[in-house]
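Residue numbers (our numbering): 33 to 283.
The beta carbon of each residue, even a glycine, is placed where N, CA and C say it ideally should be.
Bear in mind that the values here come from a model prediction, so they are computed numbers and not experimental data.
Below is one structure, written out as structure tokens; the observations come after it.
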Ligand code: PGA
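Right, dumping it as structure tokens:
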């Protein structure tokens, strides 16, 4: 029995129209009654208000895929965590590998974003993960440590009491090739034991999600691992039946 309430989060990425996201959110609200895990959806910024109106008064929580590390000021094109809080967002994804690889977000920027989310009273979902080259070179442990240490240096170990970690191996995202449950569990256990060196009760309480080609067919096996507390779902989150099946696999 997992001591942590599982969370399944849908990362809708750059997808959807106003009508399609409302239809997807409506199908999730209609189907979520037999789901016992926490469920979160993260639409694009411009769709958040539409989705908010659909999921209000349901069990489905709302989040965003990114935010600024700044809270206000002359930062053209940015969106602050405080602004997202006004739309009832509870969580914000930071440091997704697409942000790191395509938009130049460094470990240090990701850490500042995690702090900005917490300063707004919200929960960051902090994404970390190694590339295929790093895994094949046998470097995943040092890469994971560096990405985690950069965040710990800014939010402190206590900050993880109000944070979620998402382990997303870059080679598994959108590729159809999930990490095996053993591979994922090995990384999750390493991350938790690294945090436990600083504070064992914070480490025992922090949710560590797995992300990367989670599907209805592999979700149960992944989520049954002792240190996997749910998932961050991309492609399969765009289909209500698949996403709900993944949620049911988490509890
Ligand atoms: P995927 O994406 O489920 O499509 O692999 C996961 C993610 O990017 O969070």
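Under the three-state DSSP convention, the category residue i falls into
i	result
residue 280	helix
residue 122	strand
residue 78	helix
residue 256	coil
residue 47	coil
residue 267	helix
residue 230	coil
residue 272	helix
residue 53	helix
residue 262	strand
residue 41	strand
residue 93	strand
residue 219	helix
residue 183	helix
residue 71	strand
residue 143	helix
residue 101	coil
residue 191	helix
residue 36	coil
residue 86	helix
Ligand 1 heavy atom lying under 6 Å from the CB of residue i
i	result
residue 42	no
residue 278	no
residue 161	no
residue 264	yes
residue 48	no
residue 127	no
residue 205	yes
residue 245	yes
residue 267	yes
Pair within 7 Å by beta-carbon distance, residue i and residue j
i	j	result
residue 145	residue 122	no
residue 77	residue 111	yes
residue 143	residue 114	no
residue 283	residue 38	yes
residue 117	residue 154	yes
residue 186	residue 147	yes
residue 269	residue 275	yes
residue 119	residue 173	no
residue 126	residue 160	no
residue 243	residue 230	no
Host beta strand (DSSP E) of residue i (start-end)
i	result
residue 238	Note, residue 238: premise wrong, no beta strand (DSSP E); not H, not E.
residue 196	196 to 199
residue 155	155 to 160
Segment limits, alpha helix (DSSP H) that includes residue i
i	result
residue 116	113 to 117
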